[in-house]
Structures are given as C-alpha cells and as structure tokens.
Amino acid sequence: MSKITPCLWFASEAEEAARFYVSLLPDSRIDAVQRSVVDTPSGPAGSILLVQFTLAGQSYLALNGGSRPDFTHAVSFMIDCETQAEVDRLWDALLEGGEPDQCGWLRDRYGLSWQIVPSILPKLFAGPDRAGAERAMRAMMQMVKLDGEVLQRAYDGATA
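Using the UniProt record's numbering, you'd call the opening residue of the sequence shown number 1 and step up by one each time.
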C-alpha cells in the first residue's frame, strides 16, 4: 500500500463504487474487502466497512461511513486520456447517473468529481504559440465534454 492513500467516504456503497471504478481502467483491481467486527454507524457487525482497491496503479480506500458526504470540486480525479474514444468511453460511463459540468468535469453517481481530459490539452496550453494556447483555452471554456480534435483545431487557428 502507498504511504498516502486517498480514502473515499460513502454511505453504504463503497464496494459497489470501487467495483465500478476498477472496471473502467487498466491496472485496477479490488485488493481487499474488510467487514466490520462490531456494529457501527455504517452498519451492523459483518457488513462491509472498508474496500481497498487499486485504480490505474494508485491505491485507494473506500469507507462505508453510514451517511453520504458532500463531495466538491475542491478534490477531484483527473483521468488523462490518450484518445477521444477513451474520453468518450470514460465520460459516458462515469456520467451515467451523474451530472455533467463544463470544461471536462463531471460528478458521478456517487457524487465524486472527475476531470476527463484528452492528453493533448496540457500540451496545447503549454505550447509555444501563446495565441494558439489562448484559442484552445477559450474553446475549452465553451465545452462540457472535451474534444481533443476541436481543441487542436482551435490552437491551430482553424475555423469550424
């Protein structure tokens, strides 16, 4: 386990959420499921308390805490996507039962915030053409789900 492991608090759906998340990305798995040995606010003895899982190589802990917290965009998970097909697949999966936001952000069915980002985006923002970077940024600000090809065309100065 990593020295620092993000812990995600759920009301009672820690295992469901962890299984969903690990189904989306390679190098992901459920590592352990721990049941409570006593009654807790999250459930009776024997109910699932903790789920240790690995998501794209990063260790996480999901905790059933008995009440659902309010997650905010102040903490989010960014997924770097090599292709638009990957952006589309992850966006659609995570958005099911959730809410879209602008600039590639969404809140999933459990309330967690995600950024689904084409790998090209930071390269465009850091590119040598500052006017192109500005055009790409303005294009991104108009999007909900990000489209890498559209962002590249904006950077290049191509019109729609």
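For every residue, glycine included, the Cβ atom is placed at its ideal position computed from N, Cα and C.
Note that the structure is predicted; figures quoted are calculated from it, not measured.
(request) Report buried or exposed for CYS7, applying the criterion of at least 16 other Cβ atoms within 10 angstroms of its Cβ. (result) exposed
(message) Three or more C-beta pairs under 8 Å: does that hold for the stretch 47-56 against the stretch 85-94?
(response) no
(request) Return the first residue and the last residue of the alpha helix (DSSP H) that TYR110 is part of. (result) Segment: none, TYR110 is in no alpha helix (DSSP H) and carries neither H nor E.
(request) Determine the burial state of MET140: buried for a count of at least 16 other Cβ atoms within 10 Å of its Cβ, exposed for fewer. (result) buried
(message) Considering Cα atoms alone, identify which of LEU63, VAL144, ARG109 is closest to CYS103.
(response) VAL144
(message) Can you confirm whether the stretch 123-141 touches the stretch 62-79 when touching is taken to mean that 3 or more C-beta pairs between the two stretches lie within less than 8 Å?
(response) no
(request) Count the C-beta pairs between the stretch 7-22 and the stretch 109-116 that are closer than 8 Å, then say yes if the count reaches three, no if not. (result) yes
(request) List the residues that DSSP assigns as beta-bridge partners of MET78. (result) GLN115
(message) Let me make sure I understand the geometry here. Which of TRP105, SER2, ALA158, ASP31 has the alpha-carbon closest to that of LEU146?
(response) TRP105
(message) Using CA atoms only, rank isn't needed, just tell me which of GLN52, PHE10, ASP80, THR72 is closest to GLN34.
(response) GLN52
(message) Please classify VAL22 as buried or exposed, where buried requires at least 16 neighbouring CB atoms within 10 angstroms.
(response) buried
(request) Select from PRO100, GLU99, MET78 the residue whose C-alpha is nearest the C-alpha of VAL117. (result) MET78
(request) Take the Cβ of GLY157 as the centre, count every other Cβ of all protein chains shown within 10 Å, and call the residue buried at 16 or more, exposed below. (result) exposed
(request) Within its chain, find whatever has a CB closer than 6 Å to the CB of SER42; leave out the 5 residues flanking it on each side and keep chain order. (result) ASN64, GLY65, GLY66
(message) Just list the residues that DSSP pairs ARG130 with in beta bridges.
(response) None, per the DSSP bridge assignment.
(message) Mapping the DSSP letters down to three states, classify GLN58 as helix, strand or coil.
(response) strand
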